[in-house]
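This report refers to the structure that appears directly beneath it.
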Amino acid sequence: MALVKNSFDVIRTKLNKYPGGKVLLEKDDNSGIARIILDHPERCNALSGHMMVELRDCVEDLETWVTGKGVILTGWGTNFCSGADLNFARASSPQDGFDMSVWMQDVLVRLQKLPLVSCCLVHGASIGGGSELSVFCDYIVAADDVKYGFVQGKMGITTAWGGGTRLALRVGQRKALDLLLTSKVMNARECFGFGIVDAIVSSERALHEVTEWFSKKLRHEREVIRVLLWKETFLLRFEEYVSAISTIK
264 MALVKNSFDV
274 IRTKLNKYPG
284 GKVLLEKDDN
294 SGIARIILDH
304 PERCNALSGH
314 MMVELRDCVE
324 DLETWVTGKG
334 VILTGWGTNF
344 CSGADLNFAR
354 ASSPQDGFDM
364 SVWMQDVLVR
374 LQKLPLVSCC
384 LVHGASIGGG
394 SELSVFCDYI
404 VAADDVKYGF
414 VQGKMGITTA
424 WGGGTRLALR
434 VGQRKALDLL
444 LTSKVMNARE
454 CFGFGIVDAI
464 VSSERALHEV
474 TEWFSKKLRH
484 EREVIRVLLW
494 KETFLLRFEE
504 YVSAISTIK
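Each residue of the sequence shown is one higher than the one before, starting from 264 at the first, in my numbering.
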């Protein structure tokens, strides 16, 4: 366990060498809704190394938020997220890239396992790693101006943060494979038809509308929500177990 912690400490130090942007966390104890905001608008909210560290810190903070019910992940300004900052990617070595993938996989799995209902608001550019971020949330809501796609294949890379697997769990293996192979960029209605997003809101009032929509999912007491989340996670793992067992001959 200490070896794992030491390894992540080393990766944290590496990532912090690549500055740019920030990740903000806002918590409302009255509503029980938090917001994680990706703030790097000059790069379409692409994640720098430093932002990846701050994203992990935000998730860790929410793991112990005793009054929380839900969290909304969104981007500052007109875009959600365009993935990893290419300036960071160009400056890093292959080992740095591997370490970054390990880091982000861990962060996103922890986001998925939070004792909170999660919702991602995708708007504007929501491509590549941005799309990967979204599928780790329980709900995805699209603004009507969204451009959404798993475009990694066009760049000669894979969904290194685990988003391909999460996409398949969300829409099914065949649909996920089609999106990954074609690198198709979709609008809001196409995303809804594909089963990726759960609702569409207007881009002019996106944050207000998604908060209103999301609040309706959080009417139960916090303890009830946490038990329901635990059961959902347990059932998902059980289904994966049954699926794996069925392939054994």
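Ideal placement from N, C-alpha and C gives every residue a C-beta, glycine not left out.
Thinking C-alpha only, which one of G340, C400, G425 and G333 is nearest H303?
Position 40 of the sequence shown, counted from the first residue, corresponds to residue 303. Among G340, C400, G425 and G333, the Cα nearest to that of H303 is on G340.
Do you know whose CA, among A388, F351, Y411 and L379, lies nearest D324's CA?
The residue given as residue 324 occupies position 61 in the sequence shown. Considering only alpha carbons, the answer is L379.
Helix, strand or coil for R373, going by three-state DSSP, please let me know.
Counting from 1 along the sequence shown, the entry for residue 373 is found at position 110. Helix.
Mark R482 as exposed unless 16 or more other C-beta atoms lie within 10 angstroms of its C-beta, in which case mark it buried.
Here residue 482 refers to the residue found at position 219 of the sequence shown. Counting Cβ neighbours within 10 Å, R482 comes out exposed, since fewer than 16 surround it.
Evaluate contact between the segment 330-346 and the segment 380-394, counting only Cβ atoms and requiring at least three cross-stretch pairs below 8 Å.
Segments in contact, yes.
By how many angstroms is the C-alpha of T428 removed from the C-alpha of K410?
Counting from 1 along the sequence shown, the entry for residue 410 is found at position 147. Counting from 1 along the sequence shown, the entry for residue 428 is found at position 165. If I take the Cα positions, the gap works out to 21 Å.
Rounding to the nearest angstrom, what Cα-Cα distance links M367 and T422 in this structure?
Against the sequence shown, residue 367 aligns to sequence position 104. Against the sequence shown, residue 422 aligns to sequence position 159. Cα to Cα, M367 sits roughly 11 Å from T422.
Would you please state the rounded distance, in angstroms, between the beta carbons of S466 and D408? I believe it to be under 8 Å.
For the purposes of this step, residue 466 is taken as residue 203 along the sequence shown, with counting starting at 1. For the purposes of this step, residue 408 is taken as residue 145 along the sequence shown, with counting starting at 1. About 4 Å separates the Cβ atoms of S466 and D408, confirming a contact at the 8 Å cut-off.
Kindly confirm or deny that the segment 273-283 and the segment 358-373 touch, where touching means at least three C-beta pairs closer than 8 Å.
yes
Which listed residue (L278, A462, L432 and G331) has its alpha carbon closest to that of S356
For the purposes of this step, residue 356 is identified with residue 93 of the sequence shown, where counting begins at 1. Out of L278, A462, L432 and G331, L278 has the C-alpha closest to the C-alpha of S356.
Same chain only: Cβ atoms within 6 Å of E289, ignoring 5 sequence neighbours per side
Taking the sequence shown and counting its residues from 1, one reaches residue 289 at position 26. Cβ within range, chain order: R298.
Helix, strand or coil: how does DSSP classify K447 here?
Walking along the sequence shown from the start, residue 447 turns up at place 184. Of the three classes helix, strand and coil, the one that applies to K447 here is coil, per DSSP.
Considering only their Cβ atoms, is the gap separating A406 from V226 smaller than 7 Å?
Absent from the model: residue 226. The displayed extent of the chain is 264 to 512, so no value can be given.
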